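Take the working numbering: the last position of the sequence shown gets the number 741, and nothing is skipped along the way. The beta-carbon is built from N, C-alpha and C at its ideal position, and this holds for glycine as well. All figures in this text were calculated on a predicted structure; none of them were measured in a lab.
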Amino acid sequence: MDVLPSTELSRLIGAESAKTLKQGLGITTAAQLLQHYPRRWIEFGQLSSFRDLPEAGEHVSLIAEVTGVSVRKMQNRRGSLAEVWVADDEGNSLKMAFFNGWSVGRQLTQGVRAIFHGKVGSYRDRPTLNNPDFTVLVDADPETITDHVDPAKDPLGAAALPRALSRGRTPVPLYPATSGISSFRILDCIEILLDLTDFSAWPEPLPSSVRTEEELPDLGEAYRLIHRPETMEDPDRGLRRMRYHEAFLLQGLLHLRRAQEQHRRAEPRPAQENGLLARFDAALPFTLTEGQVRCGGLIAAELDSEHPMNRLLQGEVGSGKTLVALRAILQVLQSGGQAALIAPTEVLAAQHERSLRRMLGDLAGEVGLTLLTGSLNTADRRRALLDIASGTAGLVVGTHAVLGDQVHFVDLGLAVVDEQHRFGVEQRDALRTRYELTPHMLVMSATPIPRSVAMTVFGDLELTTLEGLPMGRQPIVTHVVRTVQGPRLIGRVWERIAEEVAAGHQVYVVCPKISEADAREDPETGVQTDQDASVELISQRLADHPLLGRTRRAEVHGRMDAASKEEVMTAFERGEVDVLVCTTVIEVGVDVHNATVMAVLDADAFGVSTLHQLRGRIGRGGAHGLALLVTRLPDGDPSLERLEQVAEHSDGMTLARLDLERRREGDVLGAAQAGRASTLKLLRTIRDEKIIVRASELLSQLSAKDPSWEDYPGLRTAVGEYRDLHEGADEFIQRG
C-alpha cells in the first residue's frame with residue numbers, strides 16, 4: 006500500500022497499537038509518528054546519565070547497571086519488595102522499588118545492565134522509579150535480550166522490543182513516552198513505518214537546489230538519520246534538515262499572506278504642508294528624537310500609497326511610540342479619513358484617551374476624539390456609535406469593543422493596535438476585512454521581539470524598531486530584595502518608599518493578587534500558590550505602618566468597575582495619591598512623570614516581560630527611578646535567575662532573548678498567533694535564528710523567479726497543507 010503523510014496508523018501498525026499511540030501521545034498519522042522525535046540518542050549498551058532525568062511525573066527510558074539488590078517480605082501487605090540500586094557511568098545512583106519482586110531479584114543481579122522504563126517519582130527528595138518495566142541486556146548483545154514487561158501496561162506486547170533493537174550496536178533513540186507505551190515500543194512502531202514507506206510520494210518542500218546548496222539530505226533520508234542512525238553524528242544531520250523544513254513551511258505560509266496583502270487596496274493618505282500634522286508639530290514643546298523622525302518618515306510614505314500599510318512598530322517602554330502613532334493618525338485625519346487606536350484593556354484605553362487629549366490640546370475637539378469601551382452606559386455608547394457612523398468622531402480610542410459588528414466607520418483610514426501581543430491575527434484583521442478599501446494598519450509593541458521571532462510569527466508585518474529614548478527619561482536602578490536574608494530588608498523597602506513620598510514623589514506597589522482568597526499560577530512552572538502578597542493585605546499593612554500610615558494611598562485592580570479605576574488613575578496622575586497599591590493593570594500605558602519607585606512584591610510571580618513593563622512606568626520625569634523586586638525565594642531557587650536578569654539588564658531586547666532561551670518560545674508563538682496550535686517541533690527561534698533568516702532568503706529567491714511555485718510542486722503542496730492545518734486550528738478555536 007502507498008503510505009502518505011496523512012495515512013492512518015491503524016492501517017500500518019494494527020488497530021491496537023494505533024489506539025495506544027492515539028490515547029497516550031495523540032499520534033494518529035504516519036507523519037505525526039515520524040515527527041515524534043527522540044529526546045536523545047545513546048550508544049547501544051552505554052549507560053544513560055541520570056542528570057538527564059525528567060521531572061517527577063514524567064516517563065523515562067534509560068540504560069543502567071545494577072549495583073545492589075535487596076529482597077524482603079513486606080510488613081503491612083502480602084508479597085515481597087525488591088529494592089534495586091543502579092548506577093550510570095558518572096557514578097550517580099538511583100533507587101528502584103519492585104513490589105512482588107522475587108523474580109526481579111533473580112534477574113537483576115549485581116553487574117547486570119538493563120533498559121528500564123517507568124514514571125519518575127521522588128523519595129526523600131531523590132528521584133526514583135517504582136515498578137518500572139525492564140529488559141536485561143546480557144553483554145549488550147541484542148540476541149540475548151530478555152523482557153520483564155507487564156502486558157496490561159504495554160498493549161504493544163513484549164515481543165516488540167527485540168525487533169526495535171535487532172540492528173546491533175548502533176545508536177538507540179530514546180523517545181518521550183507515557184505509562185501506556187515505552188520508548189522502545191515507539192521505536193518499534195517507527196521501524197515498521199520506515200520499512201513500509203516510499204518517501205518519493207511525500208511532498209518535498211525543499212527543492213533540490215536548496216538541498217544541494219545547504220548540504221541537506223532529502224526527506225526520507227532525514228527521517229532515517231533521525232530514527233535509524235548508524236552513527237552518533239547521523240541524528241544531527243537529519244535534525245538540521247528538518248529545522249530547514251519547518252523554517253521553509255513557516256516562511257512559505259508568510260509568503261502566501263504577503264501575496265494576499267498585495268491584492269488589497271487602500272486609499273492613499275498623503276501628507277500636507279499646512280494641515281493638522283504641521284500645526285501639531287509646531288506646538289510641540291520638545292524636539293522629536295532621531296528615531297521618531299526616521300520611523301515617522303517611513304510610516305508617512307506608506308500612508309501615501311494605494312497598498313495598505315501593515316507595519317509593526319516596536320520600541321522600549323517610554324520610547325515615544327504613541328507620539329509616532331499620533332502623527333500618523335493626524336496625517337490620515339487631515340485627508341478626511343478616520344482612525345482607531347485599540348488597546349487591550351479599559352485602563353489602557355482610558356489612559357490613551359486622556360494622554361492624547363493632553364497632547365492634542367486645542368486640536369482635540371477638532372479631531373473628534375471619542376472613547377468607546379464595553380463599560381460605557383447605553384446612552385454614551387449609542388452617542389459614540391452615531392458619531393463614528395456619521396464621521397463626527399475622527400479619532401476613536403477604545404478596546405475590543407471597536408472591533409464589534411455594530412461599529413461602522415464612514416472612512417476608516419488607519420487602525421493602530423497597541424500592545425499587539427495581546428491581539429491575535431484574526432482580531433487585527435477584523436477591521437481591515439470589513440471595508441472595500443483596506444485601512445492602513447500600525448501595530449505597536451513595547452515587548453521587544455527578537456528578529457527571529459518577528460520573522461517566524463509576524464512575517465506578514467514590516468518590522469520597524471524605534472531607537473532611543475526621549476529627553477528627560479532617567480536611568481532606572483533595579484534591585485532584587487530577598488527577604489529570606491532578614492526582616493530588615495522589607496523594612497528598608499517601606500523606608501525608601503516613605504523617603505520618596507517625603508521628597509514629593511509617588512510610588513507604585515504591585516501585588517500578584519487582589520485578595521488573600523486568590524491563588525495564582527507560577528509563570529514558568531504552572532504551579533498554583535496562594536502565598537503571595539495581595540492588594541487588600543498590603544493596603545492594610547501600609548495603613549498600620551508608622552512611616553506610611555499618613556500617606557495618601559489608593560487601590561486599583563481588575564475587579565473594580567471601569568469608572569472607579571479611571572477615578573483612581575486620574576487622581577494618581579494629578580498627584581493626589583502618594584502610594585498606589587495595585588495589580589498589573591498599570592503594566593502598560595500609564596504615564597505619571599512624578600512616579601519614581603516601583604516596588605513589586607513577590608516579584609517571582611511575574612515573567613520577565615511583565616517586570617520590564619512595570620519598571621518602565623517610572624523614571625519618566627526628571628528624577629531617577631528605583632525598581633525593587635521583592636521575593637521570598639530561598640537560595641538556589643531557579644526562579645531567582647529571571648529576577649537577577651531583570652536587575653542586571655535594562656535593555657528590553659537583551660531580556661527578551663534571555664527569556665526565550667530559558668523558556669523556549671511556545672507561549673510566545675501561541676500568544677502571537679492567537680492560540681494557533683504550534684507545529685514547531687524542532688525549530689527554536691533563538692537557537693536557529695540563522696536557519697530562519699537563511700530560509701527566508703532562499704524562499705524569497707525562489708519566489709522572485711517563480712511566484713506561484715509552479716516548478717516546485719512539493720513546496721506548494723506542503724505549504725498548502727501547513728496553511729490548512731493552521732486555518733483548521735483557528736476554526737476549532739473560534740467554535741470552541
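*Near residue 274, what residues of its chain come up, given a Cβ to Cβ distance below 8 Å and the 5 sequence neighbours on each side ignored?*
308, 309, 336, 337, 340, 342, 418, 419, 445
_Local conformation of residue 265 per DSSP, three classes_ = helix
_Assuming the contact rule is C-beta atoms closer than 8 Å, residue 549 and residue 518 should be a hit. Round their C-beta distance to whole Å, please._
Their Cβ separation, rounded to whole angstroms, is 19 Å, which puts residue 549 and residue 518 out of contact at 8 Å.
*asked:* Closest to residue 135 by C-alpha separation, out of 665, 714, 101, 269, would be which residue?
replied: 101
*Out of 591, 471, 484, point me to the one whose CA is closest to residue 294's CA.*
471
*Buried/exposed call for residue 251, threshold 16 Cβ in 10 Å*: buried
*Helix, strand or coil for residue 247 per DSSP?*
helix
_Helix, strand or coil at residue 9 [DSSP, three-state]_ = coil
*Could you pull the start and end residues of the alpha helix (DSSP H) that residue 706 belongs to?*
694–710
*asked:* The beta strand (DSSP E) that contains residue 68, what's its start and end?
replied: 64–78
_residue 203 classed as buried or exposed, judged by whether at least 16 other C-beta atoms fall within 10 angstroms_ = exposed
_Supposed close pair residue 378, residue 403 - CB separation, criterion 8 Å_ = 5 Å
*So is the beta-carbon of residue 218 under 7 Å away from any non-hydrogen atom of the ligand GDP?*
Within the structure as shown, the ligand GDP is missing, as the structure has no ligands at all.
*Would you say the region 25–41 touches the region 178–190, given that touching needs at least three Cβ pairs under 8 Å?*
yes
_Cβ neighbour criterion (16 or more within 10 Å) applied to residue 79_ = exposed
*For residue 14, three-class secondary structure by DSSP*: helix
_Cβ pair residue 18, residue 194 closer than 8 Å_ = yes
*So what's residue 492 in DSSP terms, helix, strand or just coil?*
helix
*If you pair each beta-carbon of the region 503–517 with each one of the region 539–553, do three or more pairs fall below 8 Å?*
yes
*Any chain B beta carbon closer than 8 Å to residue 259*: In summary, chain B is missing from the structure at hand, where a single protein chain is found.
*Tell me whether residue 686 sits in a helix, a strand or coil according to DSSP, three-state version.*
coil
_Using a Cβ-Cβ cutoff of less than 6 Å, which residues in the same chain neighbour residue 228 once the five nearest sequence positions on both sides are dropped?_
39
*Is the region 210–223 touching the region 240–251 in the sense that three or more CB pairs, one from each, lie closer than 8 Å?*
yes
_Per the DSSP calculation, residue 124 is bridged to which residue(s)?_
64
*Would you kindly work out how many angstroms separate the C-alpha atoms of residue 602 and residue 358, rounded to a whole number?*
25 Å
*Under the DSSP definition of a beta bridge, which residues are partnered with residue 758?*
Absent from the structure is residue 758, since the part of the chain shown begins at 6 and ends at 741.
*asked:* Tell me the DSSP secondary structure of residue 25 in three-state form.
replied: helix
*Those residues which DSSP pairs with residue 103 across a bridge*: 87
*DSSP three-state call for residue 161: helix, strand or coil?*
Model confidence at residue 161 stands at a pLDDT of 45, short of 50, so the residue's coordinates are unreliable and nothing is read from them.
*Cβ neighbours of residue 7 in the same chain (closer than 8 Å, five flanking residues each side left out)*: 203, 206
_I'd like to confirm the pairing. Which residues does DSSP put opposite residue 317 in its beta bridges?_
448, 468
*Once you ignore the five residues that flank residue 137 on each side, which residues in its own chain have a CB closer than 7 Å to its CB?*
101, 121, 122, 123
*Collapsed DSSP secondary structure at residue 579 in the structure displayed*: coil
_According to DSSP, residues forming a beta bridge with residue 743_ = Since the first and last residues shown for the chain are 6 and 741, residue 743 lies out of range.
*Go through its chain and collect everything with a Cβ distance to residue 586's Cβ below 6 Å, but skip five positions before and after it.*
514, 540, 543, 544, 560
*Using 10 angstroms around the beta-carbon of residue 729, count the other beta-carbons present and answer buried if the total reaches 16, otherwise exposed.*
exposed
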